[in-house]
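Here is the structure:
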């Protein structure tokens, strides 16, 4: 009976503890890590540089759930250009590094600052990695584990082979709000090498002036990768200046500018399998031979994106679609602007016109019957690439741009585009622009030359604040004209667009004027018909409405 009772006595549990390290010395740090129990946190209560001397102790091993937190102190853990720093064992433990710097680490093998073994995990937040050097993955080597990085800086890290800052070998690598600057490698992936069998996701991150000698100035990826809301500037390699993708790559709401393929192709991206680009801007990228922005050796689809001012010395200043005997390669453009690609022209190789595209020349194979516009100036804002709101830079359109309101609204509102432009701003529900930037300026006026007249009527000349007021516009064509009216009517108050309505076969377009949040008093409304291929635009009379203040 006693044995039975004893068998039900629970094992003792130990609460995780927090230890404050008051002595910023190698001995103090090693002892704190060695004595820490599973789940403990080590806070730094001192500032300074802790230099590991290597020797028989080498790097610091972590084989338990443990957090190292700089705790607001100025802490640098250095390898003295002589030794590696941390090794995380693959026993389902998680090592967390917070608010400190890992610098001057050195390893002839892999991951000079942090090596994470398969089966382990690393969580990295607020950490600076600089001047770390290794054979593979100058700062971090992920051997099939899960590594999450948030709010980190990687500066001037180097590798002899691949992954100047990070090498991901068949693991899961997630990066958010990370900055990679001036990292380099001899072979591939100046900042990141994403090996086979892994996955890579990057959000809200910046890659600047990273380089590799062979391919992928910023990233070389052999596994599926996703890049969102990120910026690539001034990265370079002989081939694929910013990203070399040998597996599937998705790019969304990102900007590539000034990247270069110094010897071969793909100034910004070189893609060998599948590439999907959405709501993104490519500006001023260059390639020595072809594909100033993108070189394709697989299946590429570009949707609601802007490619402008990219150049190649010979072929496809914007896009090069390589054709190899017996190999099928496809590039499809949808709702996209291709502009000003210099002597290399906008496109080289077969391009599929997915509709509603615009280009400044006529070598992308665009067809007007697909609602596309070859030989057309997009009328970019003269300021060029700049911050127009949102996370990264975009190229705005002038109010008279033929790309304004000329996109396929079904595509713009699809799950792929998400009803937003690159800046994350909602595109209008009934019309949208071609390209990554939406001007919200209404459909472009058509070139039709048959005069029309437009009349705007309101359901009432007065309305209580907060109530909706129906509006009705009627477009009239001259007597005897047999072509039906088509197109849009834009309802405005001053320069502010209130709504956009589609003209029906009777020339009628309807919309609702919302008075919510509007001041009491008189308001002046107009309706502007934007014309179609037969009929010219016209503007209505001014319709006046008085809004009365809601008293209770």
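Numbering (our numbering), first residue to last: 60 to 611. Quick reminder that beta carbons are idealized off the backbone N, C-alpha and C, glycines included. Bear in mind the structure is a predicted one, so any value in this text is a computation, not a measurement.
Practice problem: May I ask you to verify whether the segment 437-453 touches the segment 473-482, counting CB pairs closer than 8 Å and requiring at least 3? | Solution: Taking one beta carbon from each stretch, the segment 437-453 and the segment 473-482 have 3 or more pairs nearer than 8 Å; the two touch.
Quiz item: What residue range is occupied by the uninterrupted beta strand (DSSP E) comprising residue 366?
Solution: Counting from one through the chain shown, the residue named residue 366 turns up at place 307. Element bounds for residue 366: 365-367.
Quiz item: How close, in whole Å, do the beta carbons of residue 142 and residue 174 come, if the pair is a contact with beta carbons under 8 Å?
Solution: Working through the chain shown from its first residue, we reach residue 142 at position 83. Working through the chain shown from its first residue, we reach residue 174 at position 115. Rounded, the Cβ-Cβ distance is 12 Å, inconsistent with contact.
Quiz item: With contact counted as at least three CB pairs below 8 Å, one residue from each stretch, are the segment 263-275 and the segment 234-253 in contact?
Solution: Verdict: yes, contact present.
Quiz item: Out of curiosity, what's the CA-to-CA distance linking residue 620 and residue 291?
Solution: Limits of the chain in this structure are 60 at one end and 611 at the other, which puts residue 620 out of reach.
Quiz prompt | the segment 588-601 contacting the segment 522-530, beta-carbon criterion three pairs below 8 Å | solution = Short answer: they don't touch.
Exercise. Return helix, strand or coil for residue 122, following the three-state DSSP convention.
Key: The sequence position of residue 122 within the chain shown is 63, counting from 1. Secondary structure at residue 122: coil, using DSSP grouped into helix, strand and coil.
Practice problem: Could you check what DSSP says for residue 476 in three-state terms: helix, strand or coil? | Solution: Working through the chain shown from its first residue, we reach residue 476 at position 417. The answer is coil: DSSP assigns residue 476 none of H, G, I, E or B.
Self-check item: Straight-line Cα distance separating residue 183 from residue 119
Solution: Here residue 119 corresponds to residue number 60 of the chain shown, with the count starting at 1. Here residue 183 corresponds to residue number 124 of the chain shown, with the count starting at 1. So the two alpha carbons sit approximately 16 Å from each other.
Self-check item: Where residue 406 falls: helix, strand or coil (DSSP)
Solution: Here residue 406 corresponds to residue number 347 of the chain shown, with the count starting at 1. Strand at residue 406.
Quiz item: Where residue 371 and residue 552 are concerned, what is the direct C-alpha to C-alpha distance, given to the nearest angstrom?
Solution: As a working mapping, residue 371 is identified with position 312 in the chain shown. As a working mapping, residue 552 is identified with position 493 in the chain shown. Distance between the alpha carbons of residue 371 and residue 552 is about 46 Å.
Exercise. Determine the DSSP secondary structure at residue 470, reduced to helix, strand or coil.
Key: Within the chain shown, residue 470 is the residue found at index 411, counting from 1. Reduced to three states, the DSSP call for residue 470 is helix.
Quiz item: Quick one: is residue 81 buried, meaning 16 or more other Cβ sit within 10 Å of its Cβ, or exposed?
Solution: As a first step, residue 81 must be located in the chain shown, where it is residue number 22. Counting the other Cβ atoms within 10 Å of the Cβ of residue 81 gives fewer than 16, which makes it exposed.
Quiz item: Run through DSSP, which three-state label would residue 344 get?
Solution: Taking the chain shown and counting its residues from 1, the one referred to as residue 344 is at position 285. Assignment of residue 344 by DSSP, reduced to helix, strand and coil, places it in the coil class.
Practice problem: Taking residue 89 as part of the alpha helix (DSSP H), name the residues at either end of that continuous run. | Solution: One-based indexing of the chain shown puts residue 89 at position 30. Residue 89 -> alpha helix (DSSP H) spans 85-94.
Quiz prompt | Secondary structure of residue 197, DSSP reduced to three states | solution = To locate residue 197, count along the chain shown from 1; it is residue 138. Here residue 197 carries a coil assignment [DSSP, helix/strand/coil].
Quiz prompt | Selection from 333, 395, 91 and 436 that minimises the alpha carbon distance to residue 429 | solution = Working through the chain shown from its first residue, we reach residue 429 at position 370. The shortest Cα separation from residue 429 among 333, 395, 91 and 436 belongs to 395.
Quiz item: How is the beta strand (DSSP E) around residue 146 delimited, first residue to last?
Solution: The residue given as residue 146 occupies position 87 in the chain shown. Where residue 146 is concerned, the enclosing beta strand (DSSP E) stretches over 145-147.
Quiz item: What is the DSSP secondary structure of residue 269, counted as helix, strand or coil?
Solution: Along the chain shown, one-based indexing puts residue 269 at 210. Three-state result, residue 269: coil.
Quiz item: From this set, 417, 306, 241 and 161, which residue's C-alpha is nearest residue 495's C-alpha?
Solution: The residue labelled residue 495 in the question sits at position 436 within the chain shown. For residue 495, the closest C-alpha among the options 417, 306, 241 and 161 is that of 417.
Quiz item: What whole-angstrom Cβ distance do residue 252 and residue 221 have, given they're in contact under 8 Å?
Solution: Indexing the chain shown from 1 puts residue 252 at position 193. Indexing the chain shown from 1 puts residue 221 at position 162. Taking a contact as a CB-CB distance under 8 Å, the pair residue 252 and residue 221 counts as one, their CB atoms being some 4 Å apart.
Exercise. Count the other C-beta atoms from every protein chain shown that fall within 10 angstroms of the C-beta of residue 606, then say buried if there are 16 or more, exposed otherwise.
Key: The sequence position of residue 606 within the chain shown is 547, counting from 1. Under this definition residue 606 is a buried residue.
Practice problem: In angstroms with no decimal places, state the Cα-to-Cα distance between residue 459 and residue 383. | Solution: Position 400 of the chain shown, counted from the first residue, corresponds to residue 459. Position 324 of the chain shown, counted from the first residue, corresponds to residue 383. Residue 459 and residue 383 have their C-alpha atoms roughly 41 Å apart.
Quiz item: For the candidate residues 93, 412 and 532, whose alpha-carbon lies nearest to that of residue 511?
Solution: Along the chain shown, read from residue 1 onward, the residue named residue 511 stands at position 452. Residue 511 has its Cα closest to that of 532, out of 93, 412 and 532.
Self-check item: Segment contact, 8 Å Cβ cut-off, at least three pairs: the segment 316-333 with the segment 349-363
Solution: Result yes; three or more Cβ-Cβ pairs closer than 8 Å.
Quiz item: Identify the residues that DSSP records as bridge partners of residue 454: which are they?
Solution: Position 395 of the chain shown, counting from 1, holds the residue named residue 454. In the DSSP assignment, residue 454 is bridged to 444.
Quiz prompt | Buried/exposed call for residue 563, threshold 16 Cβ in 10 Å | solution = Position 504 of the chain shown, counted from the first residue, corresponds to residue 563. So residue 563 ends up on the exposed side.
Quiz prompt | Sub-8 Å separation of residue 444 and residue 597 beta-carbons | solution = Taking the first residue of the chain shown as 1, we reach residue 444 at position 385. Taking the first residue of the chain shown as 1, we reach residue 597 at position 538. Between residue 444 and residue 597, the C-beta spacing is not below 8 Å.
Self-check item: Status (buried if at least 16 other CB within 10 Å, exposed otherwise) for residue 487
Solution: Taking the first residue of the chain shown as position 1, residue 487 is located at position 428. Per the 10 Å Cβ criterion, buried.
Self-check item: Alpha-carbon to alpha-carbon, residue 600 and residue 534
Solution: Here residue 534 refers to the residue found at position 475 when the chain shown is read from its first residue. Here residue 600 refers to the residue found at position 541 when the chain shown is read from its first residue. Cα to Cα, residue 534 sits roughly 12 Å from residue 600.
Quiz item: residue 401 by DSSP, collapsed to three states: which one?
Solution: Start at 1 with the first residue of the chain shown, and residue 401 comes out as number 342. The answer is helix: DSSP assigns residue 401 an H, G or I state.
Practice problem: Going by DSSP, name the residue or residues bridged to residue 316. | Solution: By 1-based counting over the chain shown, the position of residue 316 is 257. In DSSP, residue 316 forms a bridge with 292 and 342.
Exercise. Just grab the DSSP bridge partners of residue 231 for me.
Key: If you number the chain shown from 1, residue 231 lands on position 172. Residue pairing of residue 231 in beta bridges, as defined by DSSP: 205 and 258.
Exercise. Could you please give the first and the last residue of the uninterrupted beta strand (DSSP E) stretch that includes residue 311?
Key: What you label residue 311 is simply residue 252 of the chain shown in a count that begins at 1. Start and end: 308-311.
Quiz item: In terms of residues, what are the limits of the beta strand (DSSP E) holding residue 551?
Solution: Numbered from its first residue, the chain shown carries residue 551 at position 492. Start and end: 547-552.
Practice problem: Taking residue 224 and residue 233 to be in contact with their CB atoms under 8 Å, please state how far apart those CB atoms are, rounded to whole angstroms. | Solution: Within the chain shown, the letter at position 165 stands for residue 224. Within the chain shown, the letter at position 174 stands for residue 233. Contact flag wrong, Cβ pair sits at about 15 Å.
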